[in-house]
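**Student:** Okay, here's the structure, questions in a sec.
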Amino acid sequence: MDQWVPHELNAEQVLRRYQITSELLLRNKNDPFLDRNVTCDEKWILYDNRKRSSQQLDRDEPPKQIPKKKLHEKKTMLTVWWNSAGILHYEFLKAGETINADNYCRQLDKMHENLARASPAVVNRKDPILLHNNARPHVSQKTSQKLSDLGYEILPHPAYSPDLSPTDYHFFKQLDDLIKGRVFKNQTDAENAFREFIASKTLDFYRKGIHDLVKRWQKCVDSNGAYFAQ
C-alpha cells in the first residue's frame, strides 16, 4: 500500500495528530457527529494536465514532441464546500485572484445559506461543525468572528494532515483522476469538467468521503500519530 508523506513531521506534530484523532474517535463513538460536519478546501486546477515523462524509443526513432512544462502554467483556483449529503457551494476564482479572509468569509455566507436550506435542523440548533485546515484565511480573526456569528464549531485538525482531510484524500483525489491527461483551453473548460465530475457522483460518494474519517482517525492512532499506509 502507498504511504502519503506530504511533510516531515516533528515529534510534537506526530503527538498532536495522535491526541486529536484519539479524542475525535472517542467523541464520535459516544455522540456521532459526522453528518453535522461540513468540510472545504481549495485546489489549483491546471489547464494542461498531461504528465511529462521520459520516453522509451527504438534506437533510430526520433523523440516525440511533447510540450515543455511552462514556468508559469495557466491555472484557476477552485474552492469546494461539501458534507455527507453533497455539494453545498463551489466557486472558481477569477484569474489572478487567490483566497483571502474577505472572499473566504463571503463564501462562508453562501455555503451557510445553502446548508440552511438543505439541513435546517442543523443550522437552527446552531450545531454545524466545520472541518478545514490551518491556512491563514481559515484562521484569521475575521473568519473566526464570522464562524462564531454563524454558530459553527471548528473541528480540531492537526497541521500537515491532508490524510485526515476528506477533500484531499477523497474528493480532490478522484477529481484528479478525472482530469488527468486533459487539456483545458480556458477557465470555462475547467469549470465544465468539474461540473461533469460532480454530476457523476451519487450520495454514496459524499457519505463515504466523510464517514471514512473514522477509519483514518483509527489508522492514525494505530500509527501513533505518524503518516499511515493508504
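Residue numbers for the sequence shown, in this note's numbering: -18 to 211.
Glycine included, C-beta positions come from ideal geometry on N, C-alpha and C.
#1: Taking three-plus beta-carbon pairs below 8 Å as touching, is the stretch 82 to 96 in contact with the stretch 179 to 192?
#2: Could you work out which residue in K56, T79, Y85 is closest to F70 when comparing CA atoms only?
#3: CB R(-3) to CB P139, shorter than 7 Å?
#4: Name the DSSP beta bridge partners of W63, please?
#5: The beta strand (DSSP E) that contains I80, what's its start and end?
#6: By DSSP's criteria, L112 is part of a beta bridge. Which residues make up the other side?
#7: How big is the Cα-Cα spacing for D12 and L136?
#8: Nearest by alpha-carbon distance to D29: which of N18, L7, E54 is it?
#9: Along the chain, where does the alpha helix (DSSP H) that runs through G212 open and close?
#10: When DSSP labels each residue in this structure, what does E(-11) get in the three-state scheme?
#11: Would you identify the three-state DSSP class for L6, choosing helix, strand or coil?
#12: Run through DSSP, which three-state label would L131 get?
#13: Would you call the CB atoms of D108 and R17 closer than 7 Å?
#14: What does a CB cutoff of less than 7 Å around N9 pick up in its chain, not counting 5 residues either side in sequence?
#15: Hey, quick one: how far does the alpha helix (DSSP H) through E54 stretch, first residue to last?
#16: By Cβ distance below 6 Å, which residues in the same chain neighbour K200 in space, the five residues on each side in sequence not counted?
#17: Can you check DSSP and say which residues form a bridge with F73?
#18: Helix or strand or just coil, what does DSSP make of A210?
#19: Given this structure, state the Cα-to-Cα distance separating L111 from K32, to the nearest angstrom.
#20: What separation, rounded to the nearest whole angstrom, lies between the Cα atoms of T60 and S3?
#21: In angstroms with no decimal places, state the Cα-to-Cα distance between A102 and K127.
#22: I'd like the list of long-range same chain contacts for N81, defined as Cβ closer than 7 Å, with 5 residues on each side in sequence excluded.
**Tutor:** To lay it out plainly:
#1: no
#2: The count along the sequence shown starts at 1 and reaches residue 70 at position 89. Note on identity: in this sequence residue 70 is His, with Phe being the wrong assignment. Among K56, T79, Y85, the Cα nearest to that of H70 is on Y85.
#3: The sequence position of residue -3 within the sequence shown is 16, counting from 1. The sequence position of residue 139 within the sequence shown is 158, counting from 1. Yes.
#4: Locating residue 63 in the sequence shown gives position 82, where the first residue counts as 1. Note: W63 sits in a beta bridge opposite T20, I68.
#5: Indexing the sequence shown from 1 puts residue 80 at position 99. Per DSSP, I80 belongs to no beta strand (DSSP E) and is neither H nor E.
#6: Reading the sequence shown from its first residue, position 131 is the one you call residue 112. T20, per the DSSP bridge assignment.
#7: Looking up residue 12 in the sequence shown gives position 31. Looking up residue 136 in the sequence shown gives position 155. Rounded to whole angstroms, D12 to L136 spans 14 Å at the Cα level.
#8: On the sequence shown, residue 29 is found 48 positions in, with the first residue counted as 1. Comparing Cα-Cα distances from D29 to each of N18, L7, E54, the minimum goes to E54.
#9: The chain is shown from -18 up to 211; residue 212 falls before or after that span and cannot be answered.
#10: Stepping through the sequence shown from its first residue, residue -11 is reached at position 8. Coil.
#11: Numbered from its first residue, the sequence shown carries residue 6 at position 25. Here L6 sits in helix by DSSP.
#12: Against the sequence shown, residue 131 aligns to sequence position 150. L131: helix per DSSP, three-state reduction.
#13: One-based indexing of the sequence shown puts residue 108 at position 127. One-based indexing of the sequence shown puts residue 17 at position 36. In this structure, R17 lies closer than 7 Å to D108 by Cβ.
#14: In the sequence shown, counting from the first residue as 1, residue 9 sits at position 28. Counting only Cβ-Cβ distances below 7 Å, and skipping sequence neighbours, we find L15, V195.
#15: One-based indexing of the sequence shown puts residue 54 at position 73. Taken as a continuous stretch (DSSP letters only), E54 belongs to no alpha helix (DSSP H), as it is neither H nor E.
#16: Position 219 of the sequence shown, counted from the start, is the residue given in the question as residue 200. Closer than 6 Å at Cβ, skipping near neighbours: F209.
#17: Position 92 of the sequence shown, counted from the start, is the residue given in the question as residue 73. Note: F73 sits in a beta bridge opposite L59.
#18: Here residue 210 refers to the residue found at position 229 of the sequence shown. A210: strand per DSSP, three-state reduction.
#19: Looking up residue 111 in the sequence shown gives position 130. Looking up residue 32 in the sequence shown gives position 51. Distance between the alpha carbons of L111 and K32 is about 34 Å.
#20: Reading the sequence shown from its first residue, position 79 is the one you call residue 60. Reading the sequence shown from its first residue, position 22 is the one you call residue 3. Rounded to whole angstroms, T60 to S3 spans 29 Å at the Cα level.
#21: Start at 1 with the first residue of the sequence shown, and residue 102 comes out as number 121. Start at 1 with the first residue of the sequence shown, and residue 127 comes out as number 146. Roughly 20 Å separates the two Cα atoms.
#22: The sequence position of residue 81 within the sequence shown is 100, counting from 1. Closer than 7 Å at the Cβ level, and outside the excluded window around N81, lie P118.
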